[in-house]
């Protein structure tokens, strides 16, 4: 089977070996050639020496979700070379580093194994022993370029783009690539891969290849985030690091002052408390975290909900519970996020499924938090957040910041009596004032204890009930304001699929596979909680609904069961929870098998 | 006196809050009245003040003073980071926080220590009684070893000295006082209002209900009989005359940026210099070894830099930063080009 622009390459290395920039050069070159491509990094929770894999998928149809097996494995890591051979499907190719010294007896007979002396290839590129170790990675880029037919000019352009003005770095890397290319031209003439790369000039114009965390940070830089308090945790750290990086360049006032503040806190308890303090005083404040941090923030989440203080938590989910698998992906925080805190609480949860939405929600999260005066939790995950996805260049945001119902001194003077928790408009959202408002009636007292409409301490049963019932009304208002679900619906289809977040990529491909097998499906991707009317209509209008989630306990399904129980009998869960990004074949197989039984 | 207006045209009654619900005779209520006096004397506009607290008896008190200021009774042990957030959002707000020994020395110890490192500009008062009042009489982490609880239990653990800890963490204003000592507390608070960093005041404030018995090292009698003043403090507001005559050589005057003056009168035989951190440690350790409650101003770095300055925050509050901060279309294009 010879195919064009349709292959998966997995590079197996040890982390800390410097393979990241080589992989980046490779994947970006393919992207710049106009190919639909994605890159997924499977890495350990470790700094140096443990195995790591980078998978590049090129697919003419634009499907770049994870495939279980690759067409080619580049086995650079001696420690795992034998195991890494298993990552390729029968008939595939293994470029085996000769330096791994894997005896031929251990080579798989059903794949093409090509041994390549990478160390020797870069021997003459530099005299520096340290550099040589890094450059072997560029050597495999050169070998692959020659085998796949990637033009030299394309690689050169990427290298120049990536390394900017570091001319000596550019030269050395180009030399190492050339050495790899020369080796392949001389020794691998007979290798005839059954797939090839064909340039699609201009096809990726207007597109970028980006990870969700960077996109999120960009969204916050453009979306008016002013206060960030955080405690570093994988896989969310790069959200804040990218924010610092971009804000330090683009969020500086004319007088050189920074119109943002970032504090690395002592723990997540403090991070969220700083966010609440800042939100209370009127700033658009956020923290980025992952599962363990979210758990620590539970008490403050309840305060945000009950005392009605705007706040944003950007949770890049990893595998839990406990420390779990810190560098693997999961959608396991849905329940924790929606219900975070003791007592009756339900939070607004945003569910970005693409880098574009990570960018967009960088503003939307604050707009909602301030309009609703409450906590908004954004649930990204490691797959969206840290892997490379193709995306349409983000449109320049034009929307003004929604700052919500904040009364100025002038408005207070005109309004007469101000009561902090009075539902003046009937939407459950009261008015607030900010510290520093120069009016004698501006001040109020914020507390997490029971309070009446004026904010005064109260243990009165009717007052308590009226207050929490109003908070329910506020959630109903939120239902109308959150991002709507995205749907792909044909009136005749009776089977529906529901996803959220990173399940979109693989499920889109699974739908294509199902359709090829005459199973036509409708689709709805949720982009927020609470559940909206559109979702209810989708459930109502289908005979069977598959809810695809990356967790064991069917967390979205259980929210459906509790909030829309009348539809739960026709919902079927498709659950993937081994920590690996969702793969389309799994979704296809599950739904296909279920449909075979049903029809 | 209460009818007299201050420099911002307010009466002392403009600085009071809601009625206290604490036990009759609680030391915390005295502290509340010292706060009212100091803010009135210093002519601070109440709308420029944010009041903060954690959870506990002490943390209820911000409701009882400065009723025209925004107040935030937050989470147990999290007053420090909540205050940090308020400072980041609006660095022009004057912050005053009231915490307790449980709130600060146990559940909030980490947050407290780290706030000091960052030098958040705020008055941080610990109303320290060595006991958990709201949960009815358990020891707190500041209770002295050997102190007897109302239940009869003897505390076997070393008490945490919050002043020593504050010094160690880099606190730029460290003082201790006694709730009943208006003469010492009011000048301390007036100075703290003007400090550009964390002004920490550990106030021994006996619990009349759970720690005022024989054997408690924090009863009124025990504190009174062991209270030793490090110095006599006076505070003179801008344009105010110095009324008291001091003996030559015994007093020191420090002039502040706004023209107010701090007056320190030596009382101990041992020398003390409030600008000397090492001496502050020494005084505190000596007092601890002798079982004394040494009160006064131990350390003051009058040139300290608050967090907002370290972070190069703008003059306008971050809360007022709006769409004008959004980077340009060109900036977006430039950032996006990195990912082509």
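Chains as they are written, first to last, in this note's numbering: chain C, 479 to 1077; chain W, 89 to 428. Glycine is no exception: its CB is placed at the ideal position from the N, C-alpha and C atoms.
Which residue from W:117, W:125 and W:108 puts its Cα closest to that of residue 101 of chain W?
For the purposes of this step, residue 101 of chain W is taken as residue 13 along the second chain, with counting starting at 1. Nearest option by C-alpha distance: W:125.
Residue 739 of chain C to residue 151 of chain W span [Cα, whole Å]
Working through the first chain from its first residue, we reach residue 739 of chain C at position 261. Working through the second chain from its first residue, we reach residue 151 of chain W at position 63. Taking the straight line joining both Cα atoms gives about 29 angstroms.
Taking a cut of 9 angstroms between CB atoms, which residues from the region 914-928 of chain C lie near chain W?
Within the region 914-928 of chain C, the residues whose Cβ lies closer than 9 angstroms to some Cβ of chain W are 914, 915, 916, 917, 918, 919, 920, 921, 922, 923, 924, 925, 926 and 927, listed in chain order.
Looking at chain C, which residues of the region 382-398 of chain W have a Cβ within less than 9 angstroms of any of its Cβ atoms?
From the region 382-398 of chain W, only 395 and 396 have a Cβ closer than 9 angstroms to chain C.
Are the C-beta atoms of residue 628 of chain C and some chain W residue less than 9 angstroms apart?
For the purposes of this step, residue 628 of chain C is taken as residue 150 along the first chain, with counting starting at 1. False, the Cβ-Cβ gap to chain W never drops below 9 angstroms.
If we call anything under 9 angstroms between Cβ atoms a contact, is residue 146 of chain W one with residue 186 of chain W?
Counted from its first residue, the second chain places residue 146 of chain W at position 58. Counted from its first residue, the second chain places residue 186 of chain W at position 98. In this structure, residue 146 of chain W sits near residue 186 of chain W, with a CB-CB distance shorter than 9 angstroms.
Pair within 9 angstroms by beta-carbon distance, residue 176 of chain W and residue 779 of chain C
In the second chain, counting from the first residue as 1, residue 176 of chain W sits at position 88. In the first chain, counting from the first residue as 1, residue 779 of chain C sits at position 301. No, the Cβ-Cβ distance between residue 176 of chain W and residue 779 of chain C is not below 9 angstroms.
Option in W:129, W:207, W:114 and W:424 with minimal Cα separation from residue 221 of chain W
Residue 221 of chain W sits at position 133 when you count from the first residue of the second chain. Out of W:129, W:207, W:114 and W:424, the CA that lies nearest to the CA of residue 221 of chain W is found in W:114.
I want to verify the contact list: residues of chain C whose CB lies under 8 angstroms from the CB of residue 136 of chain W, in sequence order.
For this step, residue 136 of chain W is matched to residue 48 along the second chain. Correct list: 914.
Less than 8 angstroms between the CB atoms is what I'm expecting for residue 759 of chain C and residue 926 of chain C, so what's the real figure, rounded?
Here the question's residue 759 of chain C lines up with position 281 in the first chain. Here the question's residue 926 of chain C lines up with position 448 in the first chain. Incorrect: roughly 17 angstroms between the Cβ atoms, too far for contact.
Excluding sequence positions up to five away, which residues of its chain have a Cβ less than 7 angstroms from the Cβ of residue 479 of chain C?
Looking up residue 479 of chain C in the first chain gives position 1. Bear in mind that the predicted position of residue 479 of chain C carries a pLDDT of just 42, short of 50, making it too unreliable to give a figure here.
In chain order, what residues of the same chain have a beta carbon less than 8 angstroms from the beta carbon of residue 959 of chain C, not counting five sequence neighbours either side?
The count along the first chain starts at 1 and reaches residue 959 of chain C at position 481. So the list reads 846, 849 and 850, once near-sequence residues are dropped.
Less than 9 angstroms separating the beta-carbons of residue 1031 of chain C and residue 813 of chain C?
On the first chain, position 553 is the one that residue 1031 of chain C refers to. On the first chain, position 335 is the one that residue 813 of chain C refers to. Result yes, Cβ atoms of residue 1031 of chain C and residue 813 of chain C sit closer than 9 angstroms.
Counting only beta-carbon atoms, is residue 509 of chain C nearer than 9 angstroms to chain W?
As a position in the first chain, residue 509 of chain C is number 31, starting the count at 1. Taking CB atoms only, residue 509 of chain C has a neighbour in chain W less than 9 angstroms away.
Measure the C-alpha to C-alpha separation of residue 834 of chain C and residue 873 of chain C and round it to an integer number of angstroms.
Within the first chain, residue 834 of chain C is the residue found at index 356, counting from 1. Within the first chain, residue 873 of chain C is the residue found at index 395, counting from 1. Those two C-alpha atoms are separated by around 9 angstroms.
Assigned exposure category for residue 311 of chain W - 16 Cβ within 10 Å defines buried:
Here residue 311 of chain W refers to the residue found at position 223 when the second chain is read from its first residue. Classified as buried, residue 311 of chain W has 16 or more neighbouring CB atoms from the shown chains inside 10 Å of its CB.
Any beta-carbon of chain W closer than 9 angstroms to the one on residue 708 of chain C?
Taking the first chain and counting its residues from 1, one reaches residue 708 of chain C at position 230. Answer no: the Cβ-Cβ gap between residue 708 of chain C and chain W never drops below 9 angstroms.
Top-ranked residue by Cα proximity to residue 1025 of chain C, from C:1019, C:1002 and C:1010
As a working mapping, residue 1025 of chain C is identified with position 547 in the first chain. Per the Cα distances, C:1002.
Assign residue 285 of chain W to one of three DSSP states: helix, strand, or coil.
Counting from one through the second chain, the residue named residue 285 of chain W turns up at place 197. Note: residue 285 of chain W maps to coil in three-state DSSP.
Would you please verify whether the beta carbon of residue 161 of chain W is less than 9 angstroms from any beta carbon of chain C?
On the second chain, residue 161 of chain W is found 73 positions in, with the first residue counted as 1. True, the Cβ-Cβ gap to chain C drops below 9 angstroms.
Element boundaries [beta strand (DSSP E), containing residue 745 of chain C]
The residue given as residue 745 of chain C occupies position 267 in the first chain. That residue, residue 745 of chain C, is in no beta strand (DSSP E); it is neither H nor E in DSSP.
Could you please give the first and the last residue of the uninterrupted beta strand (DSSP E) stretch that includes residue 139 of chain W?
The count along the second chain starts at 1 and reaches residue 139 of chain W at position 51. For residue 139 of chain W, the enclosing beta strand (DSSP E) begins and ends at 137-141.
Would residue 425 of chain C count as contacting chain W if we go by Cβ distances under 9 angstroms?
Look at the range of chain C in this structure, 479 to 1077, and you will see that residue 425 of chain C is not part of it.
List, in order along the chain, the chain W residues whose C-beta lies closer than 9 angstroms to that of residue 878 of chain C?
Here residue 878 of chain C is taken as the residue at index 400 of the first chain, counted from 1. Those within 9 angstroms of residue 878 of chain C in chain W are 410 and 411.
Just to confirm the assignment: which complete beta strand (DSSP E) runs, minimum length 3, are found wholly within the region 877-955 of chain C?
Annotation note: the region 877-955 of chain C contains the following uninterrupted beta strand (DSSP E) runs of length 3 or greater, listed N- to C-terminal: 923-925.
Per-residue burial, residue 497 of chain C [other beta carbons within 10 Å of its own, 16 or more giving buried]:
Numbered from its first residue, the first chain carries residue 497 of chain C at position 19. So residue 497 of chain C counts as buried.
Does the distance from the C-beta atom of residue 973 of chain C to that of residue 999 of chain C stay below 9 angstroms?
Residue numbering aside, residue 973 of chain C sits at position 495 when the first chain is read from its first letter. Residue numbering aside, residue 999 of chain C sits at position 521 when the first chain is read from its first letter. Contact: yes.
Counting pairs of Cβ atoms below 8 angstroms between the region 658-668 of chain C and the region 604-623 of chain C, do you hit three or more?
Verdict: yes, contact present.
Nearest candidate by alpha-carbon position, reference residue 246 of chain W, set W:231, W:291 and W:309
By one-based count along the second chain, residue 246 of chain W stands at place 158. The shortest C-alpha separation from residue 246 of chain W is found at W:231.
Which residues in the same chain as residue 90 of chain W place their Cβ atom closer than 7 angstroms to its Cβ, once the five residues preceding and following it in sequence are excluded?
Counted from its first residue, the second chain places residue 90 of chain W at position 2. Residue placement at residue 90 of chain W is flagged as unreliable, the pLDDT there being 48, under the threshold of 50; the coordinate-derived value follows with that caveat. In chain order, 99, 100 and 101 place their CB closer than 7 angstroms to the CB of residue 90 of chain W, counting only its own chain and leaving out the 5 sequence neighbours on each side.
For chain C, find out if any of its Cβ atoms is closer than 9 angstroms to the Cβ of residue 278 of chain W; answer yes or no.
If you number the second chain from 1, residue 278 of chain W lands on position 190. False, the Cβ-Cβ gap to chain C never drops below 9 angstroms.
Thinking just about the alpha-carbon of each residue, which of W:132, W:406 and W:357 is nearest to the one in residue 157 of chain W?
Here residue 157 of chain W corresponds to residue number 69 of the second chain, with the count starting at 1. Of the listed residues, the one whose Cα sits closest to residue 157 of chain W is W:132.
So, using beta-carbon positions, are residue 563 of chain C and residue 591 of chain C closer together than 9 angstroms?
Mapped onto the first chain, residue 563 of chain C falls at position 85. Mapped onto the first chain, residue 591 of chain C falls at position 113. Yes, the pair counts as a contact, with Cβ atoms nearer than the cut-off.
Looking at chain W, which residues of the region 711-733 of chain C have a Cβ within less than 7 angstroms of any of its Cβ atoms?
Taking 7 angstroms as the cut-off between beta carbons, the residues of the region 711-733 of chain C near chain W are 724, 728, 729 and 731, in sequence order.
Which residue comes first and which comes last in the beta strand (DSSP E) that contains residue 1075 of chain C?
Along the first chain, read from residue 1 onward, the residue named residue 1075 of chain C stands at position 597. Residue 1075 of chain C -> not in any beta strand (DSSP E); alpha helix (DSSP H) instead, spanning 1062-1076.
Residue nearest to residue 1051 of chain C in terms of C-alpha spacing, selected from C:1063, C:1038, C:804 and C:943
To locate residue 1051 of chain C, count along the first chain from 1; it is residue 573. Looking at the Cα atoms, C:1038 is the closest of the given residues.
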